[in-house]
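Visitor: This is the structure I want to talk about, given as structure tokens.
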Amino acid sequence: MVKKVVMPAAGQTTDIATVTKLMVSVGDSVKKGDVLLEVETDKAVLPIESFARGFVTEIYVNEFDQVDAGTLLLAIGDAADLEAAKNKPAEAPAPAVEDDDDEDDFVPVMPKSESAPAPAPAPVKVSVSGKAMPNAKKLASELGIDLDKIMPSNGEFIKACDVRAAAENIKKPEIAPAEDVIPTARMRNTLSRRWEAFVPTFGVSVTCSDEAYSKLAEKSPAVSPVHYVMMALSRLAQRYPILRALNDGGKLPLSEGSDIGLAVFAENGTVTSVVESAEKLGANAIAEACEKNLTLVAKGDLSSVRPCPVSVYDATGYKVDSFTAPVCAPGVAAFGITLGEGRVAVSGSFDIRVIEGNVGASIMSDLRDFIENPVLMLI
Amino acid sequence: MKSFELIIIGGGPGGYTAALAAARAGKRVCLFEKDSLGGTCLNVGCIPTKYLLDRANALEKIRSMTEEGVLRGAGEYSFKRVMRGKAPIIEKLTSGIASMLRSAKAEVVRGTASFKNANTVVCNGEEYSAGDVIIATGSSAIKLPFPGSEYCIDSTAALSLTKLPKKLCIIGGGVIGLEFASAFSAFGSDVTVIEMMDSILPREEKSAVDLLVRSLTAKGIKIKCSVKVESVEKIEGIYTVRTSSGNIDADCVISAAGRRANTEGLALENAGITPEKNGTVAVNEYLETKIPHIYAIGDVIGGYMLAHAAYAEAEVAVSNILGNKKELDHRIMPRCVYTIPPLAAVGVTSENGALGRFDYRGNGFAVAEGESGCVFAVMDRETKRTVGFTVVGAAAPEMIAAASIAVERGYTQDDWRALTVAHPSLSETLREAALSVKF
């Protein structure tokens, strides 16, 4: 009995494929699992295997034909079927379809500049000549294994189990220096994803006298103006609970302690390392905690990095008048700190969806009072 | 000589509507058409343009869905295939008109008719006479009198282009020019529109026109107002349009600077009629020319030059021929510009009343469809009745029908309040705009 081989559904995104190679001819003997032909989708080269044993009695497609899922590809039968097929009178050639496609000026729907794909991370090289099952290719891509270096166990094409075996055999690379533990791309990607959530903000700035801070710095030189502002903010957050909340899509989970994040301009992107319950810490302890976090981040240890209601950006090293800090969701506020002659300037950015303008102004006004008159922090 | 009760010259929207109405009322009608039934509207105007704009709209939708990331690739399209697809549509509609005329028993004669006298016309050497005559000969594109105007194609030729112009210059920012600009821009041409006046669509609601201009400009169409074309030159296959404010290079120039009534070859003088200076045939409120039993309708009398104006005029003329005296009332005349997005208006603008507006952003249906636009309602300050509407945004030409009823009936805000509009629908914006009018 003749069994028809049809084009399987190639995947979730496409059902159209091109026949790239016919591996059999009419009359060839085939067994179950033999590769009959190869088709290529926009994603991968798929081998079409025989599910039956017998002879190829007819082939309905040619190389470079476009085939849809369900297209009849070839027929497999026994010796009698083959004989019958051979004796079948040749069919009259189908009338040539008037096809003036050549004249058609198919152009991309998207304008050229827009249709260019966004630069993607360099994909793992996929060898077209080295045949591999789509799931094997996917796995190789995920594991970062070059398919060219894998030998197919069946001698024909690479299967997922071959990739897994290869992955186990690959020796772990030499231990990289600590700085390299975080792959740049991954960290960048994570940061980019986080910044995708656009936070609408409004800004309020204050310029404060640095007199009080200078007095403190004389005694505790480790305390920078940023640590000092972080201390003030941690106390302020006890007065304004919103500065202890995350904006989680309308819900505002509140933490008891005032967690203050410090933006660390790391090489692979800016991260906020968090000083927990800073309201319980003095200026020196905050400075110490920041130093510790910084060292960890520099080593690639991101244990202190996480979403935080309030972040502080240190721009005191630059000759700028103000720094408008970006609010990174689910944070609700961010503060940019700059220095000038006898002054500390703080620019506050507030998530307009959860903090009212008057509240923002009030926070900044109180912050100035705290900075200029630290005794108020005790009340 | 063949004798009829009514002769109609021209088989466009005005002519065939009049022929059907009169024939169905029992009149023996003879209709003359020199080209194809359906006139400009069906063959080289509204319908083929709408076909192109539908395809153009679809491409725009595909682009926006690709940008959204819903579609992985936008694929390819063929301009030639788009253009090829319009012929079957025109064929279907014209054959529909022919069969309607046949079943109404109106005779159709193919050829150019001209007056022998006030009751007789000659066509293909044969004479036809009737007690009443309707002139419905339509209009043609104006050829502007600047050097090199022969390099410009008109809208009819533009509908036959087989190759998409890379750079297209359109002279005239009227309805036709803007519709072509929208379609060709969506197909991928770099389009510049030159308008002599200081704004496009000067008689429409200003805020709505501003919004339309912003939308068109955002799609990459360059609209240059207060610019006069001086000449068009062709150098090595490239056309250079020299204007009062610089040169524009293009590989195709479309002239869409207005239309002129078709009276040439009609031998109106034999019927005792002299065309006006602008070429139109003058009529009174009953659509009679100065010869009482000769009527004129459609583009040939000037005015709105819209197919649906011609339909309305045909009804009035036939009613008068049938002895039911009727005056033409064009106060409620919907006006549509099928750009992307379209603009549609009825009645007056806010210069003549109190304005209310409602943005598509406040409408669930529009938000779901990703459409932007705005509805402008105008009410009379004294009578507090609806006197005008302008819609700019998706489905504007469909929505203007409901707005026309409101203008025709003179809806007050209480009437609007009492009206239940289906939800979700874009038409909800009409009610919202009307209720937002502040006197």
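Heads up: the protein sequence lines correspond to chains A and B, in order. For the first sequence, the numbering used here assigns the number 238 to the initial residue and increments by one for each residue that follows. For the second sequence, the numbering used here assigns the number 330 to the initial residue and increments by one for each residue that follows. Note that CB positions come from ideal geometry on N, CA and C, so glycine has one too.
Around the C-beta of Met288(B), are 16 or more other C-beta atoms found within 10 angstroms, so that it is buried, or is it exposed?
Guide: This structure cannot settle anything about residue 288(B), because the visible part of chain B is limited to 330 through 768.
Visitor: Can you give me the C-alpha to C-alpha distance between Lys240(A) and Met370(A), rounded to a whole angstrom?
Guide: Looking up residue 240(A) in the first sequence gives position 3. Looking up residue 370(A) in the first sequence gives position 133. Near 24 angstroms, if we compare the C-alpha coordinates of Met370(A) and Lys240(A).
Visitor: Hey, does Pro345(A) have any beta-carbon neighbour from chain B nearer than 7 angstroms?
Guide: Position 108 of the first sequence, counted from the first residue, corresponds to residue 345(A). Yes, Pro345(A) counts as interfacial toward chain B.
Visitor: On a CA-only basis, which of Glu727(B), Ala706(B) and Ile505(B) is nearest Phe687(B)? Give me that one, please.
Guide: Here residue 687(B) corresponds to residue number 358 of the second sequence, with the count starting at 1. Nearest C-alpha to Phe687(B): Ala706(B).
Visitor: Count the other CB atoms, across all protein chains shown, that sit within 10 Å of the CB of His464(A); report buried if there are 16 or more and exposed otherwise.
Guide: The count along the first sequence starts at 1 and reaches residue 464(A) at position 227. By the 10 Å Cβ count, His464(A) comes out buried.
Visitor: Mind the definition here: the region 541 to 551 of chain B touches the region 615 to 626 of chain B only if three or more C-beta pairs lie below 8 angstroms; say whether that holds.
Guide: They do not touch, by the three-pair rule.
Visitor: For a test of the three-state rule: what should DSSP assign to Gly717(B), helix, strand or coil?
Guide: Residue mapping note: residue 717(B) aligns to position 388 of the second sequence, counting from 1. Note: Gly717(B) maps to strand in three-state DSSP.
Visitor: Decide if the region 471 to 484 of chain B is in contact with the region 356 to 367 of chain B; the criterion is three or more beta carbon pairs, one per stretch, under 8 angstroms apart.
Guide: The region 471 to 484 of chain B, when compared against the region 356 to 367 of chain B, does not touch it at the 8 angstroms Cβ threshold.
Visitor: Quick one: give me the first and last residue of the beta strand (DSSP E) that Tyr450(A) is part of.
Guide: For the purposes of this step, residue 450(A) is identified with residue 213 of the first sequence, where counting begins at 1. No beta strand (DSSP E) holds Tyr450(A); the alpha helix (DSSP H) holding it covers Glu448 to Lys456.
Visitor: Strictly by DSSP, which residues pair up with Met708(B)?
Guide: Position 379 of the second sequence, counted from the first residue, corresponds to residue 708(B). The partner list for Met708(B) (beta bridge, DSSP) reads Ala683(B) and Thr715(B).
Visitor: Going along chain B in order, which residues have a C-beta closer than 8 angstroms to the C-beta of Pro348(A)?
Guide: Position 111 of the first sequence, counted from the start, is the residue given in the question as residue 348(A). Residues of chain B passing the Cβ test: Gly517.
Visitor: I need the straight-line Cα distance from Ala566(A) to Gly398(B), nearest angstrom please.
Guide: Counting from one through the first sequence, the residue named residue 566(A) turns up at place 329. Counting from one through the second sequence, the residue named residue 398(B) turns up at place 69. Near 23 angstroms, if we compare the C-alpha coordinates of Gly398(B) and Ala566(A).
Visitor: Suppose contacts are defined by Cβ-Cβ distances below 7 angstroms. Is Phe444(B) in contact with Val438(B) by that definition?
Guide: Translated into positions along the second sequence, residue 444(B) becomes position 115. Translated into positions along the second sequence, residue 438(B) becomes position 109. No, the pair does not count as a contact, with Cβ atoms beyond the cut-off.
Visitor: Please determine, among Lys415(B), Gly739(B) and Glu389(B), the residue with the shortest C-alpha to C-alpha distance to Gly404(B).
Guide: Looking up residue 404(B) in the second sequence gives position 75. Minimum Cα distance to Gly404(B) is reached at Glu389(B).
Visitor: Indicate whether at least one CB of chain B lies closer than 7 angstroms to the CB of Val272(A).
Guide: On the first sequence, residue 272(A) is found 35 positions in, with the first residue counted as 1. No, Val272(A) does not count as interfacial toward chain B.
Visitor: Assign Ser602(A) to buried or exposed, taking buried as 16 or more other Cβ atoms, counted over all protein chains shown, within 10 Å of its Cβ.
Guide: Position 365 of the first sequence holds residue 602(A). By the 10 Å Cβ count, Ser602(A) comes out exposed.
Visitor: Using three-state DSSP, classify Thr278(A) as helix, strand or coil.
Guide: Taking the first residue of the first sequence as position 1, residue 278(A) is located at position 41. In the structure shown, Thr278(A) sits in coil (DSSP, three-state: anything other than H, G, I, E or B).
Visitor: Can you tell which of Val256(A), Leu531(A) and Phe394(A) has its C-alpha closest to the C-alpha of Leu309(A)?
Guide: Start at 1 with the first residue of the first sequence, and residue 309(A) comes out as number 72. Among Val256(A), Leu531(A) and Phe394(A), the Cα nearest to that of Leu309(A) is on Val256(A).
Visitor: Just to confirm my understanding: we take Phe435(A), look at its own chain, exclude 5 residues before and 5 after, and list those with CB closer than 6 angstroms. What are they?
Guide: Locating residue 435(A) in the first sequence gives position 198, counting from the first residue. Taken in chain order, the list of residues that qualify is empty.
Visitor: Look up Lys415(B) in the DSSP assignment and say whether it is helix, strand or coil.
Guide: Indexing the second sequence from 1 puts residue 415(B) at position 86. Residue state, collapsed to three classes: helix.
Visitor: In chain A, which residues lie less than 8 angstroms from Leu388(B) when you measure between Cβ atoms?
Guide: Position 59 of the second sequence, counting from 1, holds the residue named residue 388(B). Under the 8 angstroms cutoff, chain A gives Val346.
Visitor: Can you round the beta-carbon distance between Ile630(B) and Ile463(B) to whole angstroms, since I take them to be within the 8 angstroms contact cut?
Guide: Taking the first residue of the second sequence as 1, we reach residue 630(B) at position 301. Taking the first residue of the second sequence as 1, we reach residue 463(B) at position 134. Rounded, the Cβ-Cβ distance is 11 angstroms, inconsistent with contact.
Visitor: Whole angstroms are fine: how far does the CA of Ser754(B) sit from the CA of Arg746(B)?
Guide: Numbered from its first residue, the second sequence carries residue 746(B) at position 417. Numbered from its first residue, the second sequence carries residue 754(B) at position 425. Their backbone Cα atoms lie some 16 angstroms apart in a straight line.
Visitor: For my contact list, Ala725(B) and Leu672(B) are in at a C-beta cut-off of 8 angstroms; report their separation, rounded to the angstrom.
Guide: To locate residue 725(B), count along the second sequence from 1; it is residue 396. To locate residue 672(B), count along the second sequence from 1; it is residue 343. That pair is a contact at about 6 angstroms.
Visitor: Which residues in the same chain have their Cβ closer than 7 angstroms to the Cβ of Arg589(B), if we skip the five residues on either side of it in sequence?
Guide: Within the second sequence, the letter at position 260 stands for residue 589(B). So the list reads Ser468, Ser469, Ile471 and Gly608, once near-sequence residues are dropped.
Visitor: In the DSSP assignment, the alpha helix (DSSP H) including Phe607(A) goes from what residue to what residue?
Guide: Here residue 607(A) refers to the residue found at position 370 of the first sequence. It spans Gly594 to Glu609 - the alpha helix (DSSP H) in which Phe607(A) sits, taken as one unbroken run.
Visitor: For Glu524(B), name the three-state secondary structure that DSSP assigns.
Guide: For this step, residue 524(B) is matched to residue 195 along the second sequence. Three-state result, Glu524(B): coil.
Visitor: Kindly indicate if chain A contains any beta-carbon less than 7 angstroms away from that of Gly631(B).
Guide: For the purposes of this step, residue 631(B) is taken as residue 302 along the second sequence, with counting starting at 1. No, no contact with chain A.
Visitor: Report the residue ranges of all beta strand (DSSP E) runs contained in full by the region 544 to 585 of chain A; include only those spanning at least 3 residues, in chain order.
Guide: Whole beta strand (DSSP E) segments, 3+ residues: 547 to 551 and 570 to 577.
Visitor: With a Cβ-Cβ cutoff of 7 angstroms, do Leu470(A) and Arg481(A) count as a contact?
Guide: As a position in the first sequence, residue 470(A) is number 233, starting the count at 1. As a position in the first sequence, residue 481(A) is number 244, starting the count at 1. Cβ atoms of Leu470(A) and Arg481(A): not closer than 7 angstroms.
Visitor: Could you compute how far the alpha carbon of Ala697(B) sits from the alpha carbon of Ala520(A)?
Guide: Taking the second sequence and counting its residues from 1, the one referred to as residue 697(B) is at position 368. Taking the first sequence and counting its residues from 1, the one referred to as residue 520(A) is at position 283. Taking the straight line from one Cα to the other gives about 52 angstroms.
Visitor: Apart from the five residues just before and just after Ser442(A), which ones in its own chain have a Cβ nearer than 6 angstroms to its Cβ?
Guide: In the first sequence, residue 442(A) corresponds to position 205, counting from 1. Excluding positions up to five away in sequence, the list reads Ser559 and Ser584.
Visitor: At the level of alpha carbons, what is the spacing between Asn692(B) and Tyr667(B)?
Guide: Position 363 of the second sequence holds residue 692(B). Position 338 of the second sequence holds residue 667(B). Those two C-alpha atoms are separated by around 21 angstroms.
Visitor: Exposed or buried, what is Phe288(A) when buried is set at 16 or more other beta-carbons lying within 10 Å of its beta-carbon?
Guide: The residue given as residue 288(A) occupies position 51 in the first sequence. With fewer than 16 Cβ atoms within 10 Å of its Cβ, Phe288(A) is classed as exposed.
Visitor: Just list the beta strand (DSSP E) runs in the region 515 to 596 of chain B, keeping only unbroken ones of 3 residues or longer that don't cross its boundaries, in chain order.
Guide: Qualifying beta strand (DSSP E) stretches, in chain order: 519 to 523, 551 to 553, 558 to 564, 567 to 572, 575 to 579, 581 to 584 and 588 to 590.
Visitor: Could you check whether Thr423(B) and Ile270(B) sit closer than 7 angstroms to each other, using their CB atoms as the reference points?
Guide: Given a span of 330 to 768 for chain B in the structure shown, any question on residue 270(B) remains unanswerable.
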